[in-house]
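Inspection log for the structure reproduced underneath, given as structure tokens.
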Amino acid sequence: MSPPLPQSPFSAAAPLAAARRWFQMGDRQQAAQLCQRLLAASPDEGEALHLLGLIALGDGHAACAASLFAHAAAVCPGHAQAHANRAAALHRLGRSGDALAACRRALALQPAEPVLLHNMAALLRECGRGAMAITAFRRLVRLAPHNGAGFHGLLDALRTSGELTEAVAAGRALVALHPALPATHGNLGILLQFQGCPDAAMRCYTRALTLDPEYAEARSNLGLAQLLTGDLAQGWSNYAARWQAAGNSAAAAADLRSALPVWDGGPLGGRRLLAWGELGVGDEILLAGMIPDLEERGIACVLEAAPRLVPLFARSFPRVEVVPRREPPHPPAWPDDLGAQCALGNLGRWLRPDFGAFPRRSHYLNADPHRTSALRARYRAMAGGNRLVGISWHSANPLHRDFKSAPLILWAPVLRLPGITFVDLQYGDRSAELEAVRRDQGVPIIHDDSIDPLSDLDGFAAQVAALDLVISISNTTVHVAGALGVPVWTLLARQTGFLWCWFTGREDSPWYPSMRLYRQGRVGDWGPVFERVCRDLRDRPAAFTGEPLR
């Protein structure tokens, strides 16, 4: 009798190829069934585990997918895609740190793979490791110089870290790769505007609009650059395109108000105008300076404002009905006699078409006189005859804070000047910085726990009004001071090209006659700014009167 034939070893090649075909054709069920049969015969078949992980991930089962990818990577340690896809699954689960570790293992196996490098850089940014992310993006664009996504990631990471010169270079490289793509020109324009180059930015926006006349974000940013450079008529008109820009959170609010016609700048036949805020508190205070213009034109107004501004606005505009803004807006709650509506940011088109249209009002907001008097008396008693100067040095705005903020340690030459007692106007908890200045500089700064700018703006206005002078970076503090007519010196970083309201080349503000502007000459260099502030505090008595310093 012949001996039995030896059995052929199990081969997964054919079933795996079939499973991949089903998966590529979109039939995940058939692919999964084949993989499960394979695993029944060979539980450690790495490719089958990996394919099942892809199916689970595609079906939204990220935890199951992460487990399958981990098993595949355990049985096949050299399986780079298993590590990479495990990173993707972990990221979906919100486990960014674990995802980063998995991505590193994948990159160790395929160090020149562009997709892995991009994912690694993105995860590093998400984990707050900006410098490492920039290094990864730089490596990516060196290895893959035609990788547009890599340049886009690099320029965004560089912009966030304040490295605008290199970010602009990355933006130009992206434009060279995709010259017919409007967004590349628009994004380069944004970088140039942040860098303080509005003319170059406007050329980019114009090119983007030539390629796509409906590109709302480019038109809106063009409007901001035109406002910044003093072309107010064109600027207001183009800035109105922000309502059509993707991702504009205020656009939904504008839609809800669309039942009322948009004001065209003309009379309303006895009906009232609904004017409503759309931006931050500082912007609302700035733009509310146009409310008295409406009154002078005989246009009655309902002003819808941030709730914490209502007490201050109601006192300051007694003939205006001031109502708290609710989100989302509630049209049924609006009065019946409204004839039109206008966002505060659009009033300028009709009321500030050029610099000649700015009135020379000393102030338009009024703080509570009783609180102001009480605070001033208390601070004067603490100051012992010194002048009272309020200071603020930090911005919480995520787009601008790293550029605008001037750390308190840099204020040391100012804080040591004799004859002045400084009052803390900084919102948020900055107790550690205040204590460091008291300890290291020997300068006690008055901090008033009874005033919280974030919750009690009316009290904050009284605090500001109690002072002789305010010195601050560009934040809500300077808008409050300027609108109250308190002498205020605003310290401006060079990289704040989107803060259009300070315009260019001016040391004064048409919005606030009591304001003087101190501009950085070089990016990040606050030294000369504080030298000028010290000199003016020492040598110019007009600092404490609100008179222009020429």
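Whatever position you read off the sequence shown (first residue = 1), add 3 for this note's numbering. Beta carbons are placed, not taken as given, at the ideal position from N, Cα and C, and that holds for glycine. Predicted model, so just to flag it, every value in this text is computed and none were measured.
- Given a length threshold of 4 residues, each whole run of the alpha helix (DSSP H) inside the stretch 156–242 is given here in chain order: 167–180, 185–197, 201–214, 219–231 and 235–242.
- By the beta-carbon neighbour count (other beta carbons within 10 angstroms, threshold 16), residue 410 is exposed.
- With respect to the 8 Å criterion, residue 325 and residue 306 are classified as neighbours on the basis of their beta carbons.
- Membership of residue 479 in the alpha helix (DSSP H) is indicated by the continuous run 479–487.
- Per DSSP, the unbroken alpha helix (DSSP H) holding residue 352 starts and ends at 347–354.
- Per the Cβ contact rule, the stretch 458–477 is in contact with the stretch 490–497 (3 or more Cβ pairs under 8 Å).
- Checking the DSSP bridge columns, you'll see residue 521 partnered with 494.
- When DSSP reads this structure, residue 26 sits in no beta bridge, so it has no partner.
- Within the model, the alpha-carbon separation for residue 412 versus residue 172 is close to 33 Å.
- Membership of residue 322 in any alpha helix (DSSP H) is not indicated, and neither H nor E is assigned to it by DSSP.
- Per DSSP, residue 374 has no beta bridge partner at all.
- Boundaries for residue 306: no alpha helix (DSSP H) harbours it, while the beta strand (DSSP E) harbouring it runs 304–308, taken from the DSSP string.
- Note on residue 158: 16 or more other CB atoms within 10 angstroms of its CB, so buried under the neighbour-count rule.
- Contact between residue 275 and residue 340 is confirmed by a C-beta separation of about 5 Å, below the 8 Å threshold.
- Under a 10 Å Cβ-count criterion, residue 90 is classified as buried, with 16 or more other Cβ atoms of the shown protein chains found around its own Cβ.
- In this structure residue 319 is not in contact with residue 242, their Cβ atoms being roughly 26 Å apart against a cut-off of 8 Å.
- Contact between residue 79 and residue 56 is ruled out by a C-beta separation of about 12 Å, above the 8 Å threshold.
- Per DSSP, reduced to three states, the secondary structure at residue 292 is helical.
- The Cβ atoms of residue 201 and residue 161 do not sit closer than 8 Å to each other.
- Each of 130, 271 and 118 was checked against the Cα of residue 98, and the nearest Cα belongs to 130.
- Taken through DSSP and simplified to helix, strand or coil, residue 429 comes out as coil.
- Remark: C-beta atoms of residue 311 and residue 460 approach each other more closely than 8 Å.
- With the rule of 3 Cβ pairs closer than 8 Å, the stretch 512–528 does not count as touching the stretch 423–439.
- Taking the C-beta atoms as reference points, residue 294 is found no nearer than 8 Å to residue 313.
- Counting C-beta atoms within 10 angstroms of its own C-beta, residue 30 has fewer than 16 neighbours from the protein chains shown and is therefore classed as exposed.
- In this structure, residue 268 and residue 353 form a Cβ contact; the two beta carbons are roughly 4 Å apart against a cut-off of 8 Å.
- DSSP, reduced to helix, strand and coil, places residue 327 within a strand of the structure shown.
- Collapsing the DSSP output to three states places residue 276 in a strand.
- Between the C-alpha atoms of residue 39 and residue 70 there is a straight-line separation of about 15 Å.
- The criterion of a C-beta distance shorter than 8 Å is not satisfied by residue 270 and residue 221.
- Less than 8 Å divides the Cβ of residue 156 from the Cβ of residue 125.
- The three-state reading of DSSP puts residue 390 in strand, counting E and B together.
- Residue 418 carries a helical assignment under DSSP once its states are collapsed to helix, strand and coil.
- Here the alpha carbon of residue 64 sits roughly 30 Å from the alpha carbon of residue 133.
- Listed in chain order, the alpha helix (DSSP H) elements of length 4 or more contained wholly in the stretch 94–150 are 99–112, 117–129 and 133–146.
- In the three-state scheme derived from DSSP, where H, G and I count as helix and E and B as strand, residue 63 is classed as coil.
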